[in-house]
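S.K.: Dropping the structure in here first, questions after.
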Amino acid sequence: MKIVIAAEIFPPEIGGPATYSQKLATELTKRGFAVKLICYSQKQEPAIDQNLNFFITRILRGKGTFKNHYLRYFFKLLLLAKDCDLIYAQGPVSSGWPSVFVKKILRKKLMVKVVGDYAWEQARNLGLTDIGIDEFQNQELDGKIGKLKNIEKWVCQKSDKVIIPSQYLKNIVQGWGVSGNKIELVYNSFNKDVPSGSIIQPVGKFKFIVSVGRLVSWKGFSLLIELMPELKKIDPSFKLIILGSGPEEEKLLKEARDLNLLNTEDVVIMQSDQLGVISYLRQAYTFVLNTGYEGLSHTILEAMTAGAPVITTNVGGNPELIQDGYNGLLIEYNNKAQLKEAILKLYRSEELRNKFIENSKKVLEKFSFANMINQTINLFNQLTK
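Residues 1 to 385 (full-length UniProt numbering) are what the sequence shown spells out, left to right.
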């Protein structure tokens, strides 16, 4: 079978969608699929691409106008998909929108993965709203955000299948007017095969609080920085490691600098590749994801795999991964008192930390890579038979 994966981000950029696209394309190729992948990129990456076992095309961002950004992706996808059996788009806008037009022109089958609400994310990034994703679904929208909302709804309605990674997202997508029998739940998987040589050597006896993700407003990194002086009064060995990049980076650096946490390296904010992320997760005293929204977090899966006790919010798909008190702790988003108490609860009890680590191993069984890839291939076969 010939597949075109219409991706959005791809390594060396970090994030769940980038990891997913690479793992999927690599495994499909191993199983005899002819795979082509197209993605957006900051620059060409020959050192990475020459080691891949599939064909990749990178469309450079920041070249030409906004429309050309999508047009170049569309025309290249049109060429790549001419002899394919199926297009698998990794989102309903940046990849899904061009893919629908290619589907119509070439009469190809199209499957789209939805891991969130792109219109809501853009509204938050642009400072146009501060409401949560659930409340956003009922808003009457106009302007750019209204157009994005209409695009993602239209793309999902015109696709042959819509893949979602959590039951929570199924409810969101059905609210966009997509038939339930077109929506398929396929849980994200975790990477259990991380080379041992990637582990970073511990520096002293620090208690690393690690958080990972795009540096955007709804990820709640500011509260973690704000909390650090209070935690360090309790135990000076606490340090905060934030791994990621994004529009909030300068703001977060300023917040840490104003609290005199940067010079002392009590807060470190930096980019990292996937192996670096796993290395820090393996050293983590606890992993914290104070997020206002998640579809189904790859990073929580990676933290569970790495043996980091998880503290996260009771929003989106998080409760499908973390059972409060069984394999982690759930708190309200941006609730400072609850976040502090959750960290201190793990601080006071090594037994609780070990319980969460062991129980996470049991929960991970249903999120295996084999399950994810087999379910995905079954859907490919259904669409192309």
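Ideal Cβ placement from N, Cα and C applies to all residues, glycine included.
For L126 and S222, I'd like the C-alpha separation in whole angstroms.
M.R.: Position 126 of the sequence shown holds residue 126. Position 222 of the sequence shown holds residue 222. Each residue's Cα considered, the two are about 17 Å apart.
S.K.: Leaving out five residues on either side along the sequence, give the residues of the same chain with a beta carbon under 7 Å from the beta carbon of L231.
M.R.: Numbered from its first residue, the sequence shown carries residue 231 at position 231. Counting only Cβ-Cβ distances below 7 Å, and skipping sequence neighbours, we find F238 and I343.
S.K.: Could you name the residues that DSSP lists as bridge partners for G328?
M.R.: Within the sequence shown, residue 328 is the residue found at index 328, counting from 1. Answer is D324.
S.K.: If contacts are defined as beta-carbon pairs under 8 Å, then L28 and A7 qualify, I think. What distance do you get, rounded to the angstrom?
M.R.: Here residue 28 corresponds to residue number 28 of the sequence shown, with the count starting at 1. Here residue 7 corresponds to residue number 7 of the sequence shown, with the count starting at 1. At roughly 13 Å, the Cβ-Cβ gap does not stay under 8 Å, so L28 and A7 are not in contact.
S.K.: Three-state secondary structure (DSSP) at M1?
M.R.: For this step, residue 1 is matched to residue 1 along the sequence shown. M1: coil per DSSP, three-state reduction.
S.K.: Just the C-alpha distance for G16 and T299, rounded to the nearest angstrom, thanks.
M.R.: As a working note, residue 16 is residue 16 in the sequence shown. As a working note, residue 299 is residue 299 in the sequence shown. If you take the alpha carbons of G16 and T299, they lie about 7 Å apart.
S.K.: Inspect the CB distances between the stretch 304-314 and the stretch 272-290 and report whether three or more fall short of 8 Å.
M.R.: The stretch 304-314, when compared against the stretch 272-290, does touch it at the 8 Å Cβ threshold.
S.K.: Examine the Cβ distances between the stretch 358-376 and the stretch 179-189 and report whether three or more of them are shorter than 8 Å.
M.R.: Touching, per the Cβ criterion.
S.K.: Please say whether N359 and Y326 have beta carbons closer to each other than 7 Å?
M.R.: In the sequence shown, the residue the question calls residue 326 occupies position 326. In the sequence shown, the residue the question calls residue 359 occupies position 359. Contact: yes.
S.K.: Indicate whether the contact test is met: 3 or more Cβ pairs, each with one atom in the stretch 104-124 and one in the stretch 80-93, closer than 8 Å.
M.R.: Output reads yes: the stretch 80-93 touches the stretch 104-124.
S.K.: Excluding sequence positions up to five away, which residues of its chain have a Cβ less than 7 Å from the Cβ of L352?
M.R.: Position 352 of the sequence shown, counted from the start, is the residue given in the question as residue 352. Correct list, in chain order: K345 and L346.
S.K.: With DSSP run on the structure shown, which of helix, strand or coil describes C84?
M.R.: Looking up residue 84 in the sequence shown gives position 84. Here C84 sits in coil by DSSP.
S.K.: Jot down the residue ranges of each uninterrupted beta strand (DSSP E) in the stretch 34-71, minimum 3 residues, whole runs only, in chain order.
M.R.: Listed in chain order, the complete beta strand (DSSP E) runs (minimum 3 residues) inside the stretch 34-71 are 34-41 and 55-60.
S.K.: Three or more C-beta pairs closer than 8 Å, one from the stretch 238-247 and one from the stretch 203-221: is that the case here?
M.R.: Yes, since at least three Cβ pairs between the stretch 238-247 and the stretch 203-221 fall closer than 8 Å, the two stretches touch.
S.K.: Whose CA, out of S99, L86 and F190, lies closest to the CA of F367?
M.R.: The count along the sequence shown starts at 1 and reaches residue 367 at position 367. Of the listed residues, the one whose Cα sits closest to F367 is F190.
S.K.: Which value, in whole angstroms, describes the spacing of the CA atoms of P202 and W154?
M.R.: By one-based count along the sequence shown, residue 202 stands at place 202. By one-based count along the sequence shown, residue 154 stands at place 154. Interpretation of P202 is limited by its pLDDT of 43, a score under 50 that renders its predicted location unreliable; no figure is taken from the coordinates.
S.K.: To which residues of the same chain is P11 closer than 6 Å at the C-beta, ignoring the five residues directly before and after it?
M.R.: For the purposes of this step, residue 11 is identified with residue 11 of the sequence shown, where counting begins at 1. If we look at P11 and ignore the five residues flanking it on each side, its Cβ neighbours are A18 and Q22.
S.K.: By alpha-carbon positions, which one of Q338, K355, K254 and L262 ends up nearest to M304?
M.R.: On the sequence shown, position 304 is the one that residue 304 refers to. The option with the nearest alpha carbon to M304 is K355.
S.K.: Let me know the secondary structure DSSP gives E13 once reduced to three states.
M.R.: In the sequence shown, residue 13 corresponds to position 13, counting from 1. Note: E13 maps to coil in three-state DSSP.
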